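*Asks:* Okay, handing you the structure first.
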Amino acid sequence: MAGNGWARSCWEKSGLSLQVLLILFKSALAPTVALCLLLNDRVAAYYGPVGYITAILSINPVLPQAQFLELMTQQSFGICLATAATLLQLFCVIKARENTSPPLPPPPPNLPPTAALPPVPYNSSAAVVSAVWLVFLVFLVCYVRSARPQLTLACINTVIVVVVTSSIGPTLPNMRAALTFAKQLLVINLTGLALSVAVNLLIWPTTNRGAFKQDLRMWQLCIERCLAARAAVMDELWMQLRAVKETEKEAATTTVPTEGVVDTASPTQELLAVVDRMQTDLLYAKRELSIKKLTANDLSAIRALLYEVLQPVIGLMSGADRVKRLIANVDIQAHSELLLAEHAKATEAQGTLIDILQHSLQILGIAQGSRLDEEATMGGLQSLENRVQILREMRRERIEAWQHEYGSHTDKGSMESEQSLLFVVLDVGFVATYFSPDFD
Numbered sequence: 001m002a003g004n005g006w007a008r009s010c011w012e013k014s015g016l017s018l019q020v021l022l023i024l025f026k027s028a029l030a031p032t033v034a035l036c037l038l039l040n041d042r043v044a045a046y047y048g049p050v051g052y053i054t055a056i057l058s059i060n061p062v063l064p065q066a067q068f069l070e071l072m073t074q075q076s077f078g079i080c081l082a083t084a085a086t087l088l089q090l091f092c093v094i095k096a097r098e099n100t101s102p103p104l105p106p107p108p109p110n111l112p113p114t115a116a117l118p119p120v121p122y123n124s125s126a127a128v129v130s131a132v133w134l135v136f137l138v139f140l141v142c143y144v145r146s147a148r149p150q151l152t153l154a155c156i157n158t159v160i161v162v163v164v165t166s167s168i169g170p171t172l173p174n175m176r177a178a179l180t181f182a183k184q185l186l187v188i189n190l191t192g193l194a195l196s197v198a199v200n201l202l203i204w205p206t207t208n209r210g211a212f213k214q215d216l217r218m219w220q221l222c223i224e225r226c227l228a229a230r231a232a233v234m235d236e237l238w239m240q241l242r243a244v245k246e247t248e249k250e251a252a253t254t255t256v257p258t259e260g261v262v263d264t265a266s267p268t269q270e271l272l273a274v275v276d277r278m279q280t281d282l283l284y285a286k287r288e289l290s291i292k293k294l295t296a297n298d299l300s301a302i303r304a305l306l307y308e309v310l311q312p313v314i315g316l317m318s319g320a321d322r323v324k325r326l327i328a329n330v331d332i333q334a335h336s337e338l339l340l341a342e343h344a345k346a347t348e349a350q351g352t353l354i355d356i357l358q359h360s361l362q363i364l365g366i367a368q369g370s371r372l373d374e375e376a377t378m379g380g381l382q383s384l385e386n387r388v389q390i391l392r393e394m395r396r397e398r399i400e401a402w403q404h405e406y407g408s409h410t411d412k413g414s415m416e417s418e419q420s421l422l423f424v425v426l427d428v429g430f431v432a433t434y435f436s437p438d439f440d
């Protein structure tokens, strides 16, 4: 039993999961197949000493299908364009050799196809011409890469073709050998891409729509973690306020230390990382053909709504950090009654927000949950709307009471924002802290 507990603990600390292991297996499968092909004598004889490029170009099968197929199209076009450019380079190299050196002797008659040709003498003119073409082509590829960063992988494949051709070009005796080498290198590159396509489409295929839905689930979890971190900060404050109430006869003032154990930065960083990944997945998810109920416009609308939710949540998390800093050297006993009263309301608002997110994702068929019929769905929506309306009225009453007490005012439309539910969580929890004149 102790051994099983130790193994489980090590597994959890490693951060691995079944999905991660499947991704690692899928990414390693195509290069493994390429290397196994090179173990065959006939394949190795045809591919020659640069056959290892097949394994290098087959390492991208883990991407979702829409993004992967676009990448394969870019890489195929880049490789073919690089082959055409290097053929012109080889023509110039061969002409430089022919104009600066005597003709090479013809190869021996009846030479087997797999036999090695006699070495070609070194020619400085051919090497210089090849180097000039190398600099020009690499500069051109780098310019395209800087102008279009989305073509980075295609540019890398193009540079591989250019570098290999520039290295071997000065050793080629004539254009017949140059054409044979260019064809061989093109087949090597396309074989690597073909292996990658086969693994991507046949072994555990994934779609960008599926990746976008997974991002939505992760987004929901990150939102819940952010709200839980904020609640932990307020719970810590609430517990210390209770201690103040119990011991107010012993100490007239009490301060709260700022060195809390609650980490509010990590959930925020995880949420922002998910949002960045979601933007990329959405771009390709909209291009996929699908017969499901969510169209491309629906996905864009979901993303727009999520961005409206994101800003208040980020403000909420930064507000939790501000609370910890602001209460460092302040008499919290004077505000304990108000903060204790607001704690329960903020917790209720947070629970309502999480329920709304969960219900929305279930209706869209994204989050896991029990299957809801139409009547239950409408009843659940009505219940959530009633809870939201109660929170809105509570928010309005609290802010109007504060305005009346301190003689302030706000625009009437400021409380009717589309994000009012999120601002409920923001305002109710911290209205006493942010608006109190003692914190100026």
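Take the sequence shown: its letter number 365 is residue 365 in my numbering, and every next letter is one higher.
C-beta: ideal position from N, C-alpha, C; glycine also.
Note that the structure is a prediction, hence the values are computed from the model and not measured.
For the pair the region 54-72 and the region 198-209, tell me if three or more CB-CB distances fall below 8 Å.
*Replies:* yes
*Asks:* Alpha carbons only, please: which of Ser300, His359, Ala231 is nearest the one belonging to Val313?
*Replies:* As a first step, residue 313 must be located in the sequence shown, where it is residue number 313. Nearest of Ser300, His359, Ala231 to Val313, Cα basis: Ala231.
*Asks:* Please determine, among Leu24, Leu216, Ala194, the residue with the shortest C-alpha to C-alpha distance to Leu460.
*Replies:* In the structure displayed, the chain extends from 1 to 440; residue 460 sits before or after that span and is not available.
*Asks:* Just verifying my parser: in three-state terms, what is the DSSP assignment at Ile356?
*Replies:* Here residue 356 refers to the residue found at position 356 of the sequence shown. Correct three-state label for Ile356: helix.
*Asks:* In angstroms, rounded to a whole number, what distance separates the CA positions of Ala228 and Leu153?
*Replies:* Along the sequence shown, read from residue 1 onward, the residue named residue 228 stands at position 228. Along the sequence shown, read from residue 1 onward, the residue named residue 153 stands at position 153. Those two C-alpha atoms are separated by around 40 Å.
*Asks:* Contact between the region 212-225 and the region 274-281: three or more CB pairs below 8 Å?
*Replies:* Cβ pair count under 8 Å is three or more, so yes.
*Asks:* What residue does the alpha helix (DSSP H) around Gly51 start on, and which one ends it?
*Replies:* By 1-based counting over the sequence shown, the position of residue 51 is 51. Element bounds for Gly51: n/a, residue is neither H nor E.
*Asks:* If we call anything under 9 Å between Cβ atoms a contact, is Thr299 one with Phe181?
*Replies:* Indexing the sequence shown from 1 puts residue 299 at position 299. Indexing the sequence shown from 1 puts residue 181 at position 181. Correcting the residue identity first, residue 299 is Leu in this sequence and not Thr. Contact flag unset, no.
*Asks:* Are the beta-carbon atoms belonging to Leu447 and Thr191 less than 9 Å from one another?
*Replies:* Given a span of 1 to 440 for the chain in the structure shown, any question on residue 447 remains unanswerable.
*Asks:* How about Val161 and Met72: do their beta carbons lie closer than 9 Å?
*Replies:* Translated into the one-based positions of the sequence shown, residue 161 becomes position 161. Translated into the one-based positions of the sequence shown, residue 72 becomes position 72. Contact flag unset, no.
*Asks:* By DSSP, does Val62 sit in helix, in strand, or in coil?
*Replies:* Locating residue 62 in the sequence shown gives position 62, counting from the first residue. Secondary structure at Val62: coil, using DSSP grouped into helix, strand and coil.
*Asks:* How many Å lie between Ser124 and Arg176 at the Cα?
*Replies:* Against the sequence shown, residue 124 aligns to sequence position 124. Against the sequence shown, residue 176 aligns to sequence position 176. Computed Cα separation, rounded: 21 Å.
*Asks:* Could you tell me how far apart the beta carbons of Cys92 and Val129 are, in whole angstroms, since I believe they sit closer than 8 Å?
*Replies:* Translated into the one-based positions of the sequence shown, residue 92 becomes position 92. Translated into the one-based positions of the sequence shown, residue 129 becomes position 129. That pair is a contact at about 5 Å.
*Asks:* For Pro441 and Ala96, what's the separation of their Cα atoms in angstroms?
*Replies:* With the chain covering only 1 through 440, there is no way to say anything about residue 441.
*Asks:* Unbroken alpha helix (DSSP H) runs of length 4 or more, entirely within the region 137-197: which are they?
*Replies:* 152-168
*Asks:* Can you grab the Cα-Cα spacing for the pair Ala7 / Gln214, in whole Å?
*Replies:* Along the sequence shown, read from residue 1 onward, the residue named residue 7 stands at position 7. Along the sequence shown, read from residue 1 onward, the residue named residue 214 stands at position 214. Going by the C-alpha atoms only, they are around 28 Å apart.
*Asks:* Identify, in the order they occur along the chain, each residue of the same chain with its Cβ nearer than 7 Å to the Cβ of Thr268, setting aside the five sequence neighbours on each side.
*Replies:* Here the question's residue 268 lines up with position 268 in the sequence shown. Cβ within range, chain order: Cys226, Ile314, Met317.
*Asks:* Starting from Leu16, follow the alpha helix (DSSP H) in both directions and report where the run begins and ends.
*Replies:* Numbered from 1 along the sequence shown, position 16 holds the residue referred to as residue 16. First-last for Leu16: undefined, no H or E at that position.
*Asks:* On the premise that Gly48 lies in contact with Gln184, defined as a C-beta separation below 8 Å, what is that separation, rounded to the nearest angstrom?
*Replies:* Reading the sequence shown from its first residue, position 184 is the one you call residue 184. Reading the sequence shown from its first residue, position 48 is the one you call residue 48. Right, the Cβ-Cβ distance comes to about 6 Å (below 8 Å), so this counts as a contact.
*Asks:* Using the rule of at least 16 other Cβ atoms within 10 Å of the residue's Cβ for burial, across every protein chain shown, is Phe20 buried or exposed?
*Replies:* Stepping through the sequence shown from its first residue, residue 20 is reached at position 20. Just to set this straight, residue 20 is Val in the shown sequence, not Phe. Exposed, because fewer than 16 other Cβ atoms sit within 10 Å of the Cβ of Val20.
*Asks:* So, under 8 Å CB-CB, Ala85 and Leu137 are touching, yes? Tell me the CB distance rounded to an integer number of Å.
*Replies:* Looking up residue 85 in the sequence shown gives position 85. Looking up residue 137 in the sequence shown gives position 137. Confirmed, about 6 Å.
*Asks:* DSSP state of Leu306, grouped into three classes?
*Replies:* Taking the first residue of the sequence shown as 1, we reach residue 306 at position 306. Leu306 falls in the helix class under three-state DSSP.
*Asks:* Do Ala34 and Ala55 come within 9 Å of each other at the CB atom, strictly closer than that value?
*Replies:* Here residue 55 is taken as the residue at index 55 of the sequence shown, counted from 1. Here residue 34 is taken as the residue at index 34 of the sequence shown, counted from 1. Their beta carbons are under 9 Å apart, which means Ala55 touches Ala34 by this criterion.
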